Amino acid sequence: MSRTIMVGLDGSSESRAAAEWAAREAKLRSLPVRLVHVREPVPDPLAQAPLLGAETQQHWSEQIPRETAEGLRSRHPGVDVTTVHVEGRPADVLVDAAEDADLLVLGSRGMSGVGGFVVGSVGQAVVARTDAPVVLVRAGEQATDEHGMDPAGIPSAATSFRPVLLGLDTRSPDNTVIAFAFDEAARRDTALRVVHGWNPPPYNIYGLSDGVSLYDELTRKNAEELSDVLRPWRHKYPAVEVSEEARAGGAASELAKASREASLVVVGRRIRRSPFGAHIGHVTHAVLHHATAPVVVVAHE
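In case it helps, the numbering used here puts the sequence shown at residues 69 to 369.
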């Protein structure tokens, strides 16, 4: 199948925001967009009710993607937008759809009471099970959110993109994740901000006499490790400006804070072939719920 960007669409505000983001990304990549509308089977007694008959179901299942596609075509001329209707369990359908996609884009239900995304069970299941990159876009996400202010301090999509943010674990860096982040920064003609969070050893907080020197040594060591990992990538992408930050503290919290000034957050997820099911990983899980910019999860071995 030809390369494409898939969008899970259910008519909600978050899925519409995901579709808009996908159309903007499609223009950067010169790729088509396919809207995947999933309809869960309705039990026979409900399907026979006057308001939920076969004709009513078909009307709504066709209207949502049709109107969304028409809107995308008018707002993003030149982007090829198609739709597909599939019946089944949403997570299963979207995981299958992702097999033929460069990206799968899903909506996330805005901000929760603690200041982060609300990632539903379907979104979490898809992220945990698919090998394709999955992007989570919050409800209300606008093109202007990805760009800096104009000279008058007014939000504008005509200004430069904010930096792309990459969360990197120097203990097990993966080339797939790093390459994805550099590619996204290059497409946007923007900088790449790389954050590595590290935790001081527990004994460092108990007032040992050499605590300060030990902390300084760990800071230097983590910064050097980060530079070593990124050095060949700087040579491969000489046009991408790179900033490196090795910070003492939880990786998830550091990324959540840094996401406020980012156009996109890139994190990895290790593919685990476990009999107990797939897992997202605690750092990626936390970033999905607390970042304020779109988050892409890149699966890797």
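In this text, a Cβ means the ideal position worked out from N, Cα and C, and glycines have one as well.
Predicted model only: the values in this text are computed from it and were never measured.
To the nearest angstrom, how far is the alpha carbon of residue i from that of residue j?
i: Ala-359; j: Gly-175; result: 14 Å
i: Ser-142; j: Pro-201; result: 27 Å
i: His-303; j: Val-262; result: 16 Å
i: Glu-453; j: Ala-291; result: Residue 453 lies beyond the range of the chain shown here (69 to 369); nothing can be said about it.
i: Gln-131; j: His-153; result: 11 Å
i: Val-104; j: Ile-339; result: 24 Å
i: Val-364; j: Phe-248; result: 10 Å
i: Leu-282; j: Ala-165; result: 50 Å
i: Glu-293; j: Asp-284; result: 14 Å
i: Glu-93; j: Gly-235; result: 21 Å
i: Pro-219; j: Arg-328; result: 20 Å
i: Gly-139; j: Ser-80; result: 15 Å
i: Gly-221; j: Ala-326; result: 20 Å
i: His-264; j: Asp-199; result: 24 Å
i: Asp-237; j: Glu-369; result: 14 Å
i: Asp-148; j: Lys-289; result: 48 Å
i: Ala-85; j: Ala-225; result: 15 Å
i: Ala-193; j: Glu-167; result: 15 Å
i: Asn-318; j: Gly-146; result: Here residue 318 turns out to be Gly, not Asn, going by the sequence shown. Distance between the alpha carbons of Gly-318 and Gly-146: 43 Å.
i: Ile-246; j: Arg-157; result: 33 Å
If you run the structure through DSSP and keep just helix, strand and coil, what is residue i?
i: Arg-71; result: coil
i: Glu-285; result: helix
i: Pro-223; result: strand
i: His-144; result: coil
i: Glu-369; result: coil
i: Glu-292; result: helix
i: Gly-175; result: strand
i: Ser-240; result: coil
i: Leu-114; result: Because Leu-114 carries a pLDDT of 46, less than 50, the predicted location of this residue cannot be relied on, and the following value inherits that uncertainty. Leu-114: helix per DSSP, three-state reduction.
i: Ser-331; result: coil
i: Leu-99; result: coil
i: Gly-156; result: coil
i: Gly-139; result: helix
i: Val-245; result: helix
i: Gly-208; result: coil
i: Val-308; result: coil
i: His-315; result: According to the sequence as given, residue 315 is Arg; it is not His. Three-state result, Arg-315: strand.
i: Thr-411; result: Since the displayed the chain opens at 69 and closes at 369, residue 411 lies outside it and no answer follows.
i: Gly-265; result: strand
i: Gly-79; result: coil
i: Gly-216; result: coil
i: Arg-107; result: strand
i: Arg-230; result: coil
i: Arg-340; result: coil
Less than 8 Å between the CB atoms is what I'm expecting for residue i and residue j, so what's the real figure, rounded?
i: Ala-320; j: Val-351; result: 5 Å
i: Ala-91; j: Val-101; result: 6 Å
i: Val-232; j: Thr-258; result: 6 Å
i: Thr-136; j: Ala-87; result: 6 Å
i: Val-310; j: Leu-260; result: 5 Å
Hey, out of the options, whose CA is closest to residue i's CA?
i: Pro-223; options: Gly-235, Leu-233, Gln-210 and Leu-234; result: Gln-210
i: Ser-189; options: Glu-329, Glu-135, Ala-159 and Asp-218; result: Ala-159
i: Ser-83; options: Pro-133, Pro-219 and Lys-95; result: Pro-133
i: Glu-322; options: Lys-95, Gly-191 and Trp-266; result: Trp-266
i: Pro-269; options: Thr-287, Glu-252, Arg-256 and Glu-214; result: Thr-287
i: Trp-89; options: His-353, Glu-369, His-357 and Ser-331; result: Ser-331
i: Ala-367; options: His-357, His-353 and Arg-337; result: Arg-337
i: Val-308; options: Leu-99, Gly-139, Ala-85 and Glu-252; result: Glu-252
i: Ser-98; options: His-144, Arg-328, His-264 and Pro-306; result: His-144
i: Ala-324; options: Asp-78, Ala-354 and Pro-306; result: Ala-354
i: Leu-162; options: Gly-146, Ala-196 and Arg-256; result: Ala-196
i: Glu-155; options: Gly-216, Asp-78, Ala-225 and Arg-255; result: Asp-78
i: Arg-255; options: Glu-167, Gln-192, Tyr-305 and Gly-146; result: Tyr-305
i: Phe-250; options: Arg-157, Val-334 and Glu-167; result: Val-334
i: Leu-96; options: Ala-361, Phe-229, Gly-216 and Gly-318; result: Phe-229
i: Ala-370; options: Arg-157, Gly-318 and Glu-214; result: Residue numbering for the chain in the displayed model covers 69 to 369; residue 370 lies beyond these limits and cannot be assessed.
Can a CB atom of chain B be found closer than 8 Å to the CB of residue i?
i: Asp-284; result: Absent here is chain B; the protein component of the structure consists of one chain.
Inter-stretch contact at 8 Å, needing at least 3 Cβ pairs: the segment 347-357 / the segment 290-300:
no
Mind the definition here: the segment 237-255 touches the segment 206-221 only if three or more C-beta pairs lie below 8 Å; say whether that holds.
no
Is there contact between the segment 156-172 and the segment 72-83, where contact requires at least three CB pairs shorter than 8 Å?
yes
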